[in-house]
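Asker: One structure, as structure tokens, below. Some questions next.
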Amino acid sequence: MQLLDLRNDGIDIQEKVPLSKYTFTKTGGPAEFLAFPKNIDQLEKLVQVTRENNIPLTVIGNASNLIIRDGGIDGLVVILTKMNQITVNGTEVTAEAGARIIDTAFTAAKAGLSGMEFAAGIPGSVGGGVFMNAGAYGGETQEVVKTVNVMTKDGEFKTYSNEEMEFSYRHSLVQENGDIVLSATFELKKGEKDQILDEMNYLNALRRYKQPLEYPSCGSVFKRPKGHFVGPMIIKAGLQGKQIGGAQDSTKHAGFIVNKGGATATDYLDLIHLIQKVIKEKYDIDLHTEVRIIGKSEND
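Under this note's numbering, think of the first position of the sequence shown as 3, with each following residue one higher.
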């Protein structure tokens, strides 16, 4: 069976689609094939066909903390945003990988469950949040995850406990083993709904005030080096506002790189590399990217 044959099973598969339509930076080359499975059965069929035909497989969530190089991605790209069911059972909230973290946090809040307030403004998917151990305003995904359901590259199903996920700063086990996150269950605590929502609305107002949400971006670009803050270093190095092509180090928040118009992924990467080079020269500090960078360059 070939990939396009799966259209007969009702699976949405497209060819040669610009991934800039889906990334938050509005940059990125084409996917050779792009699929939007609606459920685990459809995803399982896609994984099986790619495995049997040696087709490269790349799974992405909401593409919010992601840079896809301008040459695009060979093989099949799977976007999980149609797998987005969220359910509440007592103090537990279970969300499929394609559900937005924001929606999961607000579902919890409306059920009077506290613990995900920090995630109120994180634009990524649950799968991406688990993959990256996403965090904001002093909270991290690992603090509330109870279990994670995955599919391995061989098509097997597993459930990992929090401890088995090997969470650390912007890291998890699935970054290493290639498992596909299917869903996550979050263990929360009962709280006062109005207080929870007030806290989430406050954090979102703070985010709007501090972050350049008026432009496309991939969010915070760099991991925080121990004992240092990235934004102030970039400012002191004279790089805030620096622009290469359409990519600019934000004048509102120096830890963000925004698309001022017409930026390419190459513009983003060139600016990232320049910032890394200058910070290394001035402070002898290696800046590592928090944003995930995938795909091939145009010359590959």
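Glycine included, each C-beta is placed from N, C-alpha and C at the ideal position.
Since we're looking at a predicted model, the values are computed, not measured.
With DSSP as the reference, label Y162 as helix, strand or coil.
Answerer: Strand at Y162.
Asker: Let me know the alpha helix (DSSP H) ranges lying completely inside the segment 134-215, each 4 residues or longer, listed in chain order.
Answerer: Correct list: 176-179 and 195-212.
Asker: Report yes if the CB atom of Y162 is closer than 8 Å to the CB atom of V150, and no otherwise.
Answerer: In this structure, V150 lies closer than 8 Å to Y162 by Cβ.
Asker: Going by alpha carbons, who is nearest to G12 out of N41, F35 and F26?
Answerer: Cα-wise, what sits closest to G12 is N41.
Asker: If you follow the beta strand (DSSP E) that Q250 is in, where does it begin and where does it stop?
Answerer: Note, Q250: beta strand (DSSP E), A249 to D251.
Asker: Can you tell me which of G240, Q50, N301 and A111 puts its alpha carbon nearest to the alpha carbon of E278?
Answerer: Correcting the residue type first, residue 278 is Gln in the shown sequence and not Glu. That would be G240, whose Cα lies nearest to the Cα of Q278.
Asker: For A121, I'd like the list of residues in its chain whose CB is within less than 6 Å of its CB, leaving aside the five on either flank, ordered along the chain.
Answerer: Result list for A121: I103 and A107, in chain order.
Asker: Name, in chain order, the residues that DSSP records as bridge partners for F231.
Answerer: The partner list for F231 (beta bridge, DSSP) is empty, contrary to what the question assumes.
Asker: Have a look at I71 and G31 and give me their C-alpha separation to the nearest angstrom.
Answerer: The displayed chain sequence assigns Arg, not Ile, to residue 71. Going by the C-alpha atoms only, they are around 6 Å apart.
Asker: For the alpha helix (DSSP H) that contains I108, what are its first and last residues?
Answerer: According to the sequence displayed, residue 108 carries Phe and not Ile. I103 to K112 is the span of the alpha helix (DSSP H), which, as asked, contains F108.
Asker: Name the residue from A265, I281 and L273 whose alpha carbon lies nearest to the alpha carbon of N238.
Answerer: A small fix is needed here, since residue 238 is Lys in this sequence, not Asn. Residue I281 is the option with its Cα nearest to K238.
Asker: For F133, collect the residues of the same chain with a Cβ closer than 7 Å to its Cβ; drop the 5 residues on either side in sequence, then sort them by chain order.
Answerer: Same-chain partners within the cutoff: S174, V176, Q177 and V183.
Asker: Among R210, C220, L289 and Q245, which one has its Cα closest to the Cα of F231?
Answerer: When only C-alpha atoms are compared, the closest one is L289.
Asker: Using only CA atoms, which one of N10, A99 and L82 lies nearest to T89?
Answerer: Residue A99 is the option with its Cα nearest to T89.
Asker: Leaving out the 5 sequence neighbours to the left and right, which residues in its chain are closer than 7 Å to Y285 when beta-carbon positions are compared?
Answerer: Cβ neighbours of Y285 beyond the five flanking positions: M235.
Asker: To the nearest angstrom, how far is it from the Cα of A111 to the Cα of D181?
Answerer: Rounded to whole angstroms, A111 to D181 spans 29 Å at the Cα level.
Asker: Considering only the alpha carbon of each residue, which of G123, E300 and L68 lies closest to Y204?
Answerer: The option with the nearest alpha carbon to Y204 is G123.
Asker: Mind the definition here: the segment 290-302 touches the segment 261-275 only if three or more C-beta pairs lie below 8 Å; say whether that holds.
Answerer: Touching, yes.
Asker: Would K84 pass as a contact of F26 if the rule is Cβ separation under 8 Å?
Answerer: In this structure, F26 does not lie closer than 8 Å to K84 by Cβ.
Asker: Please determine, among A249, D251 and E94, the residue with the shortest C-alpha to C-alpha distance to A186.
Answerer: Comparing Cα-Cα distances from A186 to each of A249, D251 and E94, the minimum goes to E94.
Asker: What number of angstroms, rounded off, separates the C-alpha of A97 from the C-alpha of T109?
Answerer: So the alpha carbons of these two residues sit roughly 10 Å apart.
Asker: Indicate whether the contact test is met: 3 or more Cβ pairs, each with one atom in the segment 207-220 and one in the segment 74-81, closer than 8 Å.
Answerer: The answer is no - the segment 74-81 does not touch the segment 207-220, with fewer than three Cβ pairs under 8 Å.
Asker: With a threshold of 6 Å on Cβ separation, who are the neighbours of N86 within its own chain once the five nearest residues in sequence on each side are excluded?
Answerer: So the qualifying residues of the chain are E98, G100 and A101.
Asker: From the DSSP output, in three-state form, read off S127 for me.
Answerer: Looking at S127 - three-state DSSP - the assignment turns out to be strand.
Asker: From the DSSP output, read off the bridge partner residues of P32.
Answerer: P32 is bridged to P20.
Asker: Give me the Cβ distance between S219 and E292, rounded to the nearest whole Å; I'm assuming they're in contact under 8 Å.
Answerer: At roughly 12 Å, the Cβ-Cβ gap does not stay under 8 Å, so S219 and E292 are not in contact.
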